[in-house]
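Participant: Numbering (the UniProt record's numbering), first residue to last: 1 to 769. Note that beta-carbon positions come from the ideal geometry of N, C-alpha and C, so glycine has one too. No experiment lies behind these values; they were computed from the predicted model shown. Encoded as structure tokens, here's the structure I'll be asking about.
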Amino acid sequence: MASTSEIILPIGTQKHDPAWKHCLMIRSAGRTKLKCMYCMKLFLGGGIHRIKEHLARHKGNASCCPKVPLEVQVAMQQSLDGSAARRKKKLKHADEVSRADPIQADGGDVDAGLQLIQLPEMVDTGAVQVEVKEEGVVPKLPERGRKKRARYTSPPLLLPPLSLQAPAPVSDVGKPCIGGTIDKDQVCMAIGRFLYEAGVPLEAVNCASFQPMVDAIASAGPGLGMLSYHDFRGWILKRSVDEVNNTLEQYKATWSRTGCSVLADEWTTTTGKTLINFMVYCPEGTMFLKSVDASHIVTSADTLYELLKHVVEGVGERNVVQVITSYSEIHVAAGSKLVETFPTLFWTPCASQCIEEILEDIGKLEAISEVIENAKAITGFIYSNAAVLNMTRKYTNGKDLILPCDSRSAMNFVTLKSLISLKEDLTMMVTSGEWLDSPYSRKPGGLAASELVCSLPFWSSCAAIVRITEPLLQVYKLVESNKKPAMGYIHVAMYQVKQAIRKELLKKADCMIYWEIIDWKWNRQLPCPLYAAAFFLNPRFFFSIPGDVCNEISSGVLDCIERLIPEANIQDKIQKELSLYKSSSGDFSRKMAIRARNTLLPAEWWSTYGGACPNLMRLAIRILSQTCSARGCERVQLPFEQIHNHRMNYLEHQRLCDLIFVHYNLQLQQRKILRHKPFDPMSVDNIDVVGDWIVEKNDLLSADADHSNWMTLNQPVATQLQSEYINDEETETFLAGIDDEVIQAAGKNMEDDGDIKEDDEVQEDTAFT
């Protein structure tokens, strides 16, 4: 795991070695280091060659990467083999040239023009036919061939001399030139035609394995035989299942130490089916178990309980710390029966779902919804007209107004924040001569958008809404993040949310509107001993509280001890060890331990300094290593509904289940990388989240003659499409900004509503109420 002092450096375009695509270059403590993108191992020396050996799983100079995908391992091995072969060939070739004694040809003009050249490895020698009529002719080797062709290993052939001005023509897209390489545009068009013809979602190019696949094909060259339909349904799928299972075995090996969370990600398909994707979370990674058609199961607490019970038994009761589901009345009843059957685990509602509903309810408030609708009028007009969108991107330096987001309810506030960050650019655009001379500035939508952009009250309201909701968005990102388990932070983070609202709003009546929404969704529906115990066991927060914590916190700790530690003698030992922690005695009092309270993850802190309290340490690690969300990956490209077709052949059903098993687990493994993929808000892939932010009112699929043509739209700049919403640094800043006042309020269960002024004490109203 990267520390907060590490800086990721850009990898320059001059670095052509394929291994650069699979590592990060980091600046830490004044030194530049390389980090493997798969196992996150740091390399202090050895350069990119050491990384390549690590990825190729070469034993000797570097440790073998335990998580490298097979295609990457093969590509790195081929690169290593190619480098070695080129070195040997270069030495051999130099030796042959030094011993060469060319004989002058005395034949006719036809043979005099023949030259001895080397064919690239990627050229099919069978496709080249040269007729040699004279014998005894040994041509001279040109200077050009000595320097540029020494790396090839194909046998020499007699060919007419190639033009030095341009490579030989290419008759087919897939066939390389002799003495040159295929044009990049032809390669791109070939890939594009395949994607379009096969109907592959264009999101596929954002997969982490796309570039390694291209590299592997390029390394293999034309000698690679055409893979068949049955290859991908057969041995390739079987091997992929084995690879995924090997990775998951590494996850399972950590469950006994860190515990795990069973996640029930419930969702509704376009055909109305209710499916539940079951996963298991641990700090090492999240693994997908199976998908269940729960359409007739979620209607009854008893049937839902039986399903959850079956999953827990499959994972192993002793490994499970909690089961996370939705929190309807049926789920609450099923969860209550589950913890009665398994007295050593908790049932916990999904925090992501709760926060989404809080944001949704806030967005429905009249003052908030009016501002959101006005903002949609701006973005809807801009994104509905190609010329206006091109102009906007020109003034924003390629930045989009709409950023990627995981939730439709969160999208409203993420977009308001984005608009505020681009306020000056938008104002400059609508006051420019370019805009005023444009016919779009005189259209009703253009006039409305210009008026809003120049409206100070509109921007003031946007800023106030963002200040209120930004902490809640950061909590949402925290529980959805894969960077760190959220359990140790979630309790105090919600107090920080309420504190931000209290500081922003002046009237008590206004403030309480938002507090009541949060209290109704969070405090009344999400009472969780795990959250309280995790707060207590997080050393950064616990040691910031003067005196004792409130009864809610201490009761949560005791609940966790009794439930997660069934042995009475171990419970008694933990009670004694708690006194050492509370008094910060022994190793807890070391200066290193005190400094590390703010730098190490809570579970890592316990693992490092909790040796004198082995039983409490084990409990703390198991609690602090859990997530708070049941959410998995995007499901749009996975054929979940097909596996619930009961008319399918049994063997084919098994194969499809394995295909989804591989697909979903690979998505989970690459989720950190995929969160930073390019994003186009207008893509149909994002329509469920973006919604009507990109549609102009009363202009749904308009057939006007002057309607914009997408062909005139400038291509977005990929580097500008990286999401600011998923910036982990913002979440870290949010957590670092939690002050002692908020921590003490969370530890003592104090609501500071007494500090909020009554309505008759307030002289001014807020910006949007």
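At what residues does the beta strand (DSSP E) containing I324 begin and finish?
Facilitator: Position 324 of the sequence shown holds residue 324. V320 to T325 is the extent of the beta strand (DSSP E) around I324.
Participant: For K238, which of R57, G445, F278 and Q654 has the nearest alpha-carbon?
Facilitator: As a position in the sequence shown, residue 238 is number 238, starting the count at 1. The residue with the shortest Cα to Cα distance from K238 is Q654.
Participant: Could you name the residues that DSSP lists as bridge partners for I7?
Facilitator: Position 7 of the sequence shown holds residue 7. Paired residues: R27.
Participant: For the alpha helix (DSSP H) containing N709, list its first residue and its last residue.
Facilitator: Taking the first residue of the sequence shown as 1, we reach residue 709 at position 709. Unbroken run through N709: none, as it is neither H nor E.
Participant: Note down the Cα distance separating K576 from N245, rounded to an integer number of angstroms.
Facilitator: Sequence index remark: in the sequence shown, residue 576 carries index 576 (1-based). Sequence index remark: in the sequence shown, residue 245 carries index 245 (1-based). Approximately 41 Å, taken between the alpha carbons.
Participant: If I follow the unbroken alpha helix (DSSP H) through F536, where does it start and stop?
Facilitator: The residue given as residue 536 occupies position 536 in the sequence shown. Note, F536: alpha helix (DSSP H), P529 to L537.
Participant: Nearest to W64 by alpha carbon, out of C354, R257, M40 and D185?
Facilitator: Counted from its first residue, the sequence shown places residue 64 at position 64. A small correction: the amino acid at residue 64 is Cys; Trp does not occupy that position in the sequence shown. Considering only alpha carbons, the answer is M40.
Participant: Between the alpha carbons of V388 and D400, how many angstroms are there, rounded?
Facilitator: Numbered from 1 along the sequence shown, position 388 holds the residue referred to as residue 388. Numbered from 1 along the sequence shown, position 400 holds the residue referred to as residue 400. Using only the alpha carbons, I get a separation of about 12 Å.
Participant: Hey, could you find the ends of the beta strand (DSSP E) L275 is sitting in?
Facilitator: Walking along the sequence shown from the start, residue 275 turns up at place 275. It spans T274 to C282 - the beta strand (DSSP E) in which L275 sits, taken as one unbroken run.
Participant: Can you say whether M592 is buried or exposed, counting buried as having 16 or more other CB atoms within 10 angstroms of its CB?
Facilitator: The residue you call residue 592 lines up with position 592 of the sequence shown. By the neighbour-count rule (16 or more Cβ atoms within 10 Å), M592 is not buried but exposed.
Participant: Of the choices M648, C657, G46 and A736, whose alpha-carbon is the least far from that of T599?
Facilitator: Against the sequence shown, residue 599 aligns to sequence position 599. The shortest Cα separation from T599 among M648, C657, G46 and A736 belongs to A736.
Participant: Please report the Cβ distance between F278 and V311, rounded to the nearest whole angstrom; I am assuming they are in contact, meaning their Cβ atoms lie under 8 Å.
Facilitator: For this step, residue 278 is matched to residue 278 along the sequence shown. For this step, residue 311 is matched to residue 311 along the sequence shown. Contact holds; Cβ gap of about 5 Å.
Participant: Is C454 buried or exposed, if buried means 16 or more other CB atoms sit within 10 Å of its CB?
Facilitator: Numbered from 1 along the sequence shown, position 454 holds the residue referred to as residue 454. Exposed, by the Cβ-count rule.
Participant: Take D740 and list the residues in its own chain whose beta-carbon comes closer than 6 Å to its own, dropping the five residues that flank it on each side.
Facilitator: Within the sequence shown, residue 740 is the residue found at index 740, counting from 1. The answer, listed in chain order, is S544.
Participant: Taking just the CA atoms, how far does I623 sit from S589?
Facilitator: Against the sequence shown, residue 589 aligns to sequence position 589. Against the sequence shown, residue 623 aligns to sequence position 623. C-alpha separation (whole angstroms): 22 Å.
Participant: Does DSSP put A264 in a helix, a strand or coil?
Facilitator: The sequence position of residue 264 within the sequence shown is 264, counting from 1. Strand.
Participant: What are the start and end residues of the beta strand (DSSP E) that includes W459?
Facilitator: The residue given as residue 459 occupies position 459 in the sequence shown. From DSSP, W459 is part of no beta strand (DSSP E) but of the alpha helix (DSSP H) over L456 to E480.
Participant: Apart from the five residues just before and just after I11, which ones in its own chain have a Cβ nearer than 7 Å to its Cβ?
Facilitator: Mapped onto the sequence shown, residue 11 falls at position 11. Excluding positions up to five away in sequence, the list reads W20 and M25.
Participant: Can you tell me whether L659 is buried or exposed, with buried defined as 16 or more other CB within 10 angstroms of its CB?
Facilitator: Numbered from its first residue, the sequence shown carries residue 659 at position 659. So L659 counts as buried.
Participant: With a threshold of 16 other CB atoms inside 10 Å of the CB of V200, please say whether the residue is buried or exposed.
Facilitator: Within the sequence shown, the letter at position 200 stands for residue 200. Looking at its Cβ environment, which holds fewer than 16 other Cβ atoms inside 10 Å, V200 is exposed.
Participant: Below 7 Å CB to CB, which residues in the same chain sit around residue 770 once its five sequence neighbours on both sides are set aside?
Facilitator: Residue 770 lies beyond the residue range present for the chain, which begins at 1 and ends at 769; the question has no answer from this structure.
Participant: Rounded to whole angstroms, what is the Cα-Cα separation between T32 and Q73?
Facilitator: Counted from its first residue, the sequence shown places residue 32 at position 32. Counted from its first residue, the sequence shown places residue 73 at position 73. Their Cα atoms are separated by approximately 24 Å.
Participant: For the putative contact between Y395 and D437, defined by C-beta atoms under 8 Å, what is the C-beta separation to the nearest angstrom?
Facilitator: One-based indexing of the sequence shown puts residue 395 at position 395. One-based indexing of the sequence shown puts residue 437 at position 437. About 15 Å; that fails the 8 Å criterion.
Participant: Straight-line CA distance for Y281 to E71?
Facilitator: What you label residue 281 is simply residue 281 of the sequence shown in a count that begins at 1. What you label residue 71 is simply residue 71 of the sequence shown in a count that begins at 1. The alpha-carbon atoms of Y281 and E71 are separated by roughly 26 Å.
Participant: Need the endpoints of the beta strand (DSSP E) that residue 774 sits in, please.
Facilitator: A query on residue 774 cannot be resolved here, the shown segment of the chain reaching from 1 to 769 and no further.
Participant: Whose C-beta lies closer than 8 Å to the C-beta of I7 among residues of the same chain, with five residues either side of it excluded?
Facilitator: The residue given as residue 7 occupies position 7 in the sequence shown. Result list for I7: I26, R27 and S28, in chain order.
Participant: Could you give the DSSP three-state label for V68: helix, strand or coil?
Facilitator: Position 68 of the sequence shown, counted from the start, is the residue given in the question as residue 68. Looking at V68 - three-state DSSP - the assignment turns out to be coil, as it is neither helix nor strand.
Participant: The beta strand (DSSP E) spanning S291 covers which residue range?
Facilitator: By one-based count along the sequence shown, residue 291 stands at place 291. G285 to D293 is the extent of the beta strand (DSSP E) around S291.
Participant: Within a Cβ cutoff of 7 Å, which residues of the same chain sit near Y305, ignoring the five residues on either side of it in sequence?
Facilitator: As a position in the sequence shown, residue 305 is number 305, starting the count at 1. If we look at Y305 and ignore the five residues flanking it on each side, its Cβ neighbours are A334, K337 and L338.
Participant: Is P614 helix, strand or coil by DSSP?
Facilitator: Walking along the sequence shown from the start, residue 614 turns up at place 614. The answer is helix: DSSP assigns P614 an H, G or I state.
Participant: Exposed or buried, what is Q626 when buried is set at 16 or more other beta-carbons lying within 10 Å of its beta-carbon?
Facilitator: Position 626 of the sequence shown, counting from 1, holds the residue named residue 626. Result: buried.
Participant: On the criterion of 16 or more Cβ atoms from any shown chain inside 10 Å, does W693 qualify as buried, or is it exposed?
Facilitator: Position 693 of the sequence shown, counting from 1, holds the residue named residue 693. The residue is buried, with at least 16 neighbouring Cβ atoms inside 10 Å.
Participant: Counting only runs that start and end within the segment 187 to 272, where is the alpha helix (DSSP H) found for 4 or more residues in a row?
Facilitator: Correct list: 210 to 220, 229 to 233 and 235 to 258.
Participant: Just curious, the beta strand (DSSP E) that P349 is in, first and last residue?
Facilitator: By one-based count along the sequence shown, residue 349 stands at place 349. F346 to P349 is the span of the beta strand (DSSP E), which, as asked, contains P349.
Participant: Work out the CA separation of R540 and I402 for me, nearest whole Å.
Facilitator: As a working mapping, residue 402 is identified with position 402 in the sequence shown. As a working mapping, residue 540 is identified with position 540 in the sequence shown. Near 36 Å, if we compare the C-alpha coordinates of R540 and I402.
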